[in-house]
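Data block below; observations after.
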Amino acid sequence: MQYIDLHCHMSSRTTDDYHMMALTGCVAITEPSFWAGYDSCTPDYFRDYFHRLTDYEPKRAAQYGIQHYAWLCLNPKEAENREMAKAVLKIIPEFMDMPNILGIGEIGLNRVTRNELATFIDHVELAMQTNELIHIHTPHLEDKYKGTKVMVDTLISDKRLTPGRVMLDHSEEHTIEMILGNGFWTGLTLYPTTKVTHGRAVDMIERYGTERICVASACDWGPSHPIAVPEFIAEMRRRGHSEETIRKVVYENPAEFLSQCPKFKLKHTEPGAVLRFA
Amino acid sequence: MDQYEKSCPLTQKEVLDADFMKARNNLLEIAAFLDRLDRAKALDGEDDFRLVAFRRVLKDVANHESDKVKRMQMGLSDLSIEPMVERDVQTAFGAVKM
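As you go down the protein sequences, you meet chains A and B in turn. In my numbering, each residue's number is its place in the first sequence (first place is 1) plus 4. In my numbering, each residue's number is its place in the second sequence (first place is 1) plus 750.
What follows is the structure, encoded as structure tokens:
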């Protein structure tokens, strides 16, 4: 089955991973701006990084027939540094018109601090200026509930914003209802220990349905699995879910969300897929 | 009645046939983790916020109420709503540091 992996940090992965993803049906990926594992020393790093996301990675993915799209921001892990954030916010517009850039992301909160929240709001402001799609990282572990609530409250108080154009990613059992209930899209990220296993992701699909939910590998430089989406597909089949239901989650839903940006155009169409945005 | 009753398309027998061995193994891993803590050469973590939280939410596994995962998640979460004045550490701990 063809699938779209809406969240993978391919800059941290090898070419072998693109190969495996292509062999298992991946036709398109989106790569949110990420944290290198250490805080950057200079804003110039981000100019190089954004160049990689808009030039080198799309070419590398294309070798395997995978369409590569990306999101730009200063990742929440570095959002505490307000000076750096302000400098990076000035660089981002230089790249927004690149053909593979779909919007602003993954912005969000990490430890849920005042500075992180200020940087989050600055990014939302930037997105609103040109009506960009927004991709949001919700914090991990003990910070997830608090960070998700703070961001949901902030976003719904901004009447300019359309929740259907915002993805709050990394939801789990205690945050998914708050995200979907307020009209946002959400993602279940299939990560071995700190996020959601494919078994728990299927449990959440069974409980909350398939509307406005996507799944992704969120693969990066940490312990993660670039073909986590096919593992999810296998678990859905094992539990007896229909091919139509599975296709909706792994292909139609991400296509529907991403197609709100006119730059997102799939070259491949999954046989039997119902593309409501077409 | 639980609003999610019968949302899993498998029968209980089918779930047991498919997942019991894996769940049994996970349970033994937790027991072994707790035994290892008991056997540690220094009992210097008894008041550690992670262990305190772990023991507290473990009780939720054994009860018969629904929404066990959600209740465990909430039991391990920071339920305050005020942002921190300044970042303390880069990476979360998995339980709330008191």
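Every residue, glycine too, gets a C-beta built ideally from N, C-alpha and C.
Nearest-angstrom Cα separation, counted from residue j out to residue i
i	j	result
ALA282(A)	PHE804(B)	Because ALA282(A) carries a pLDDT of 46, less than 50, the predicted location of this residue cannot be relied on, and the following value inherits that uncertainty. The straight-line gap from Cα to Cα measures roughly 49 Å.
LYS809(B)	GLU256(A)	40 Å
LYS81(A)	ASP767(B)	42 Å
LEU787(B)	HIS13(A)	36 Å
LYS762(B)	LYS271(A)	In the sequence as displayed, the identity of residue 762(B) is Gln instead of Lys. Approximately 42 Å between the Cα atoms of the pair.
ILE217(A)	VAL92(A)	30 Å
LEU778(B)	LEU10(A)	35 Å
LEU128(A)	MET848(B)	A small correction: the amino acid at residue 128(A) is Val; Leu does not occupy that position in the sequence shown. Cα to Cα, the separation comes out at about 32 Å.
ASN104(A)	THR249(A)	28 Å
ASP824(B)	TYR149(A)	Residue 824(B) is actually Met in this sequence, not Asp. Their backbone Cα atoms lie some 8 Å apart in a straight line.
MET171(A)	LYS791(B)	47 Å
PHE783(B)	THR142(A)	29 Å
PHE843(B)	ILE138(A)	28 Å
GLY276(A)	MET132(A)	35 Å
TYR49(A)	HIS23(A)	28 Å
PHE799(B)	ARG806(B)	10 Å
PRO230(A)	TRP189(A)	22 Å
Proximity test, Cβ basis, 8 Å: residue i and chain B
i	result
LYS63(A)	no
LEU145(A)	yes
ALA282(A)	Unreliable placement is indicated for ALA282(A), whose pLDDT of 46 sits below 50; the coordinate value is still reported in the next sentence. By this cut-off, ALA282(A) is not an interface position.
HIS245(A)	yes
ARG251(A)	no
VAL200(A)	no
GLU235(A)	no
LEU156(A)	Checking the displayed sequence, the identity of residue 156(A) turns out to be Val instead of Leu. Not an interface residue.
LEU194(A)	no
ARG86(A)	no
VAL278(A)	no
VAL31(A)	no
LYS94(A)	no
Below-8 Å beta-carbon distance, residue i vs any chain A residue
i	result
ASP798(B)	no
ALA842(B)	yes
VAL807(B)	no
SER816(B)	no
MET834(B)	yes
ASP810(B)	no
LYS763(B)	no
LEU829(B)	yes
MET824(B)	yes
ASP838(B)	yes
VAL819(B)	yes
ALA768(B)	yes
LEU760(B)	yes
CA nearest to the CA of residue i, picked from the options
i	options	result
TRP75(A)	ARG211(A), TRP189(A), MET100(A), SER228(A)	MET100(A)
SER711(B)	GLU210(A), ARG251(A), ASP147(A), PRO266(A)	Here chain B comprises residues numbered 751 to 848, so residue 711(B) is not present and cannot be evaluated.
ASN135(A)	GLY107(A), ALA122(A), ASP162(A), PRO143(A)	GLY107(A)
GLU176(A)	TYR212(A), ASN186(A), GLY168(A)	TYR212(A)
TRP285(A)	ILE8(A), MET25(A), MET171(A), TRP39(A)	For chain A, the structure presents residues 5 to 282; residue 285(A) sits outside this window and is missing.
PHE268(A)	HIS72(A), PHE236(A), ILE183(A)	HIS72(A)
GLU181(A)	ARG115(A), CYS45(A), ILE209(A), PHE54(A)	ILE209(A)
ARG17(A)	ARG64(A), PHE54(A), CYS45(A), GLY29(A)	ARG64(A)
Residues that DSSP places opposite residue i in a beta bridge
i	result
HIS72(A)	ILE33(A)
GLY191(A)	CYS218(A)
ASP798(B)	Answer is none; ASP798(B) lacks a bridge partner.
THR117(A)	MET834(B)
TYR7(A)	CYS30(A)
ILE111(A)	ILE140(A)
ILE180(A)	ILE180(A) pairs with nothing; no bridge assigned.
Supposed close pair residue i, residue j - CB separation, criterion 8 Å
i	j	result
ARG243(A)	VAL219(A)	Incorrect: roughly 14 Å between the Cβ atoms, too far for contact.
GLU110(A)	ASP173(A)	7 Å
GLY187(A)	PRO167(A)	3 Å
THR179(A)	ILE125(A)	The pair is not a contact, with the Cβ atoms about 20 Å apart (cut-off 8 Å).
ALA32(A)	ILE8(A)	5 Å
GLY112(A)	MET155(A)	7 Å
LEU194(A)	SER221(A)	6 Å
VAL254(A)	VAL278(A)	That belief does not hold up - the Cβ atoms of VAL254(A) and VAL278(A) are roughly 13 Å apart, past 8 Å.
Residue i at chain D interface by Cβ criterion, 8 Å
i	result
VAL846(B)	Note that chain D does not occur in the displayed structure, where the protein chains are A and B.
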